[in-house]
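Student: Below is the structure I would like to discuss, written out as C-alpha cells.
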Amino acid sequence: MATAVRASAAVVVLTVVMMVSSVLPGAEGHLQLGAYNKTCPQAEEIVLKEMSAILAKSPDLAGPVLRLFSVDCFVGGCEGSILLNSTPNNTAEKDSPLNKGVRGYEVVDAIKAKLDEACPGVVSCADTLALAARDSIRLSKGPFIPLLTGREDGNRSVAADVAANTPAPGASISDLIAQFAKFNLTAKDLAVLSGAHTIGKARCSTISPRLYGGQNGSSSESDPTLDGNYTTVLRGQCKPGDESNKLVDLDPETPTTFDTDYYKLVAGNRGLLSTDAALLLDPATKAYVSTQANATSDDEFFADFAASFLAMSKIGALTHHKGEIRNVCSKVNPSSPPHNSNNAAARTYYLNGGLLLNLALAAPLLLGFLFEL
Ligand code: HEM
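The sequence shown: position 93 = 92 (numbering that gives the first Met the number 0), numbered continuously.
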C-alpha cells in the first residue's frame with residue numbers, strides 16, 4: 000500500500016512538472032541539427048538534389064529563394080507565412096505591395112512535393128524553404144551552412160504585418176539598424192546579410208527613383224551617391240517611369256556567384272539599392288564593407304555570413320507542436336486554428352491543447368492517488 004502511494008505520488012509530481020513546464024515561456028522547444036534524421040533521414044539530401052536540378056536549369060532562381068527565406072523570417076518569424084495564399088477574408092503577406100517582387104514560390108512547392116513523396120507530412124514548409132535557401136548559397140559557390148531544423152509552419156499571414164517589419168524603400172541606415180535590432184541582429188549582421196545581394200536581381204521599379212529622382216519623394220535628380228557612369232549604364236536598362244517587372248542584376252559581373260564582389264560594388268558607389276549604399280553611412284557597417292571590399296579571400300565573409308544566417312534562421316521559429324506541418328505550403332491545414340490568429344495566439348492554442356491533454360492523462364492518476372490516501 001505504502002509503495003503504491005509513493006509510486007502514485009511520484010507519477011503525480013512528474014505529471015504536474017510536465018504540465019507546468021509545458022506552459023512556462025522558457026519551455027519553448029529548440030531547433031536542432033538533423034531534426035529529420037529519424038523521421039525522414041533523406042530530407043536534406045532530397046532538398047539538395049532538387050535544388051541542384053532546379054538551378055542547373057535556371058541558375059537565376061538561387062537569389063529569389065534566398066530572399067524568400069529572409070522575407071519569411073522578418074515577418075512573424077521563419078514559419079513559412081510568406082508562402083500562404085490570401086483567402087477571401089484575409090490578404091496574406093505575399094500580396095503586400097512591399098512583397099510584389101518576391102518570387103520563387105514554385106521552387107518551394109516543387110521541393111516540398113518531392114519531400115512528401117518520400118516522407119508524407121513530415122517536413123514543414125518553413126524547413127523546406129530554410130533548407131532550399133541554405134542550398135541556394137552553397138550551390139552559388141558560397142559557404143555550406145549547417146542549418147538547424149525542426150521548424151513548424153505558422154498559420155498567420157497578414158499583409159498589414161509586412162510594413163512594420165520590412166525596411167521601407169529608401170530606408171535610412173539608422174532605420175535599417177533599428178529594424179535588425181528588433182530581431183537581436185546587430186549592425187554587423189546587417190552588413191553581413193546585405194552581402195546576400197551578391198546574387199539575384201532587383202526590379203527597375205525599385206531602382207527607378209535612384210536613376211531618375213524621386214528618392215524619398217525628393218528631387219528630380221538621380222541619386223548623387225550612385226556612381227555617375229553606373230547610373231548611365233543602369234538608365235540604359237531601366238527607362239523613366241518603368242514600373243514593369245524588368246529585372247537588373249544586383250552584382251552584374253558575377254550575378255549567380257556568392258562572393259565578396261558585392262562589397263567592392265558598395266565601396267565603389269555601385270551598390271544597386273539605396274539600402275546597399277546606406278551601409279557607407281554608419282561607422283560599423285562602413286568598416287565591414289571596406290574590410291570585405293579589400294579582402295583577398297572570401298573566407299571571413301563566408302564565416303560571418305554563416306553565423307548571421309543562422310541567427311536570422313532562428314527568428315520566431317515554431318517547434319514542438321506550436322505550429323503544424325502544412326500539407327500544401329500555400330494553405331493552412333483544414334484542422335488549423337483560425338488563419339488570422341497570430342503566432343502568440345497560435346502558441347497559446349497549442350499550449351492550452353498540451354495542457355488539456357496532460358490534464359486528461361493525469362486525471363485518472365490523481366483520482367487513483369486520492370483513493371489510495
Ligand atoms: C537590410 C535589409 C534588406 C533590404 C532593405 C533588402 C532589400 C531588397 C530589395 C529592395 C530587393 C530587390 C527587390 C525587387 O526589386 O523586387 C532585394 C533583393 C534581394 N535580397 Fe534583399 N534586402 C535586405 C536584406 C536581405 C537579406 C537578409 C537577404 C538574405 C539573407 C536578402 C537577399 C536578397 C536577394 C538574394 C535578392 C535578390 C532577389 C531576386 O533575385 O529576386 N536581402 N532585397
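From the three backbone atoms N, C-alpha and C, an ideal C-beta is built for every residue, glycine too.
1) Specify the secondary structure class of residue 340 as computed by DSSP and reduced to three states.
2) If you draw a straight line from the alpha carbon of residue 179 to that of residue 185, how long is it in whole angstroms?
3) Return the CA-CA distance between residue 294 and residue 84, expressed in angstroms with no decimal places.
4) Can you name the start and end residues of the beta strand (DSSP E) that residue 202 belongs to?
5) Determine the DSSP secondary structure at residue 122, reduced to helix, strand or coil.
6) Using only the heavy atoms of the ligand HEM, determine whether one of them is closer than 6 Å to the beta carbon of residue 201.
7) Going straight from the alpha carbon of residue 237 to that of residue 190, what length do you get?
8) Flag this pair as touching only if the segment 283–292 and the segment 115–132 have three or more C-beta atom pairs under 8 Å; answer yes or no.
9) Is residue 20 buried or exposed, if buried means 16 or more other CB atoms sit within 10 Å of its CB?
10) Is it true that the segment 199–213 meets the segment 240–256, where meeting means three or more beta-carbon pairs spaced less than 8 Å apart?
11) If you draw a straight line from the C-alpha of residue 240 to the C-alpha of residue 230, how long is it?
12) Select from 102, 96, 194 and 168 the residue whose C-alpha is nearest the C-alpha of residue 157.
13) Using the C-alpha atoms, what's the distance from residue 86 back to residue 101?
14) Could you tell me the distance, in whole angstroms, from the CA atom of residue 76 to the CA atom of residue 316?
15) What's the C-alpha gap between residue 39 and residue 111?
16) Is it true that the segment 305–315 meets the segment 145–152, where meeting means three or more beta-carbon pairs spaced less than 8 Å apart?
17) Who pairs with residue 246 in a beta bridge, going by DSSP?
Tutor: Taking the definition as stated:
1) Against the sequence shown, residue 340 aligns to sequence position 341. Residue placement at residue 340 cannot be trusted, given a pLDDT of 41 that sits under 50; the coordinates are not used to answer.
2) Sequence index remark: in the sequence shown, residue 179 carries index 180 (1-based). Sequence index remark: in the sequence shown, residue 185 carries index 186 (1-based). Note on geometry: alpha-carbon atoms of residue 179 and residue 185 lie some 6 Å from one another.
3) Reading the sequence shown from its first residue, position 295 is the one you call residue 294. Reading the sequence shown from its first residue, position 85 is the one you call residue 84. In this structure, the alpha-carbon of residue 294 lies about 43 Å from that of residue 84.
4) Your numbering for residue 202 matches position 203 in the sequence shown. Its beta strand (DSSP E) spans residues 200–202.
5) By 1-based counting over the sequence shown, the position of residue 122 is 123. Here residue 122 sits in coil by DSSP.
6) Start at 1 with the first residue of the sequence shown, and residue 201 comes out as number 202. Residue 201: yes, Cβ under 6 Å from the ligand HEM.
7) Residue mapping note: residue 237 aligns to position 238 of the sequence shown, counting from 1. Residue mapping note: residue 190 aligns to position 191 of the sequence shown, counting from 1. Taking the straight line from one Cα to the other gives about 27 Å.
8) Using a Cβ-Cβ distance cut-off of 8 Å, the segment 283–292 and the segment 115–132 are not in contact, since fewer than three pairs of beta carbons, one from each stretch, lie closer than that value.
9) As a first step, residue 20 must be located in the sequence shown, where it is residue number 21. Summary for residue 20: the model assigns pLDDT 34, below 50, so the residue's position carries little reliability, and this model does not support an answer.
10) Touching, yes.
11) As a working note, residue 240 is residue 241 in the sequence shown. As a working note, residue 230 is residue 231 in the sequence shown. So the two alpha carbons sit approximately 15 Å from each other.
12) Here the question's residue 157 lines up with position 158 in the sequence shown. The candidate whose alpha carbon is nearest that of residue 157 is 96.
13) Indexing the sequence shown from 1 puts residue 101 at position 102. Indexing the sequence shown from 1 puts residue 86 at position 87. Rounded to the nearest angstrom, the two C-alpha atoms are 19 Å apart.
14) Translated into the one-based positions of the sequence shown, residue 76 becomes position 77. Translated into the one-based positions of the sequence shown, residue 316 becomes position 317. When only Cα atoms are considered, residue 76 and residue 316 end up about 6 Å apart.
15) Position 40 of the sequence shown, counted from the first residue, corresponds to residue 39. Position 112 of the sequence shown, counted from the first residue, corresponds to residue 111. Between residue 39 and residue 111, the alpha-carbon positions lie close to 13 Å from each other.
16) The segment 305–315 is in contact with the segment 145–152.
17) Translated into the one-based positions of the sequence shown, residue 246 becomes position 247. Answer by DSSP bridge pairing, in chain order: 202.
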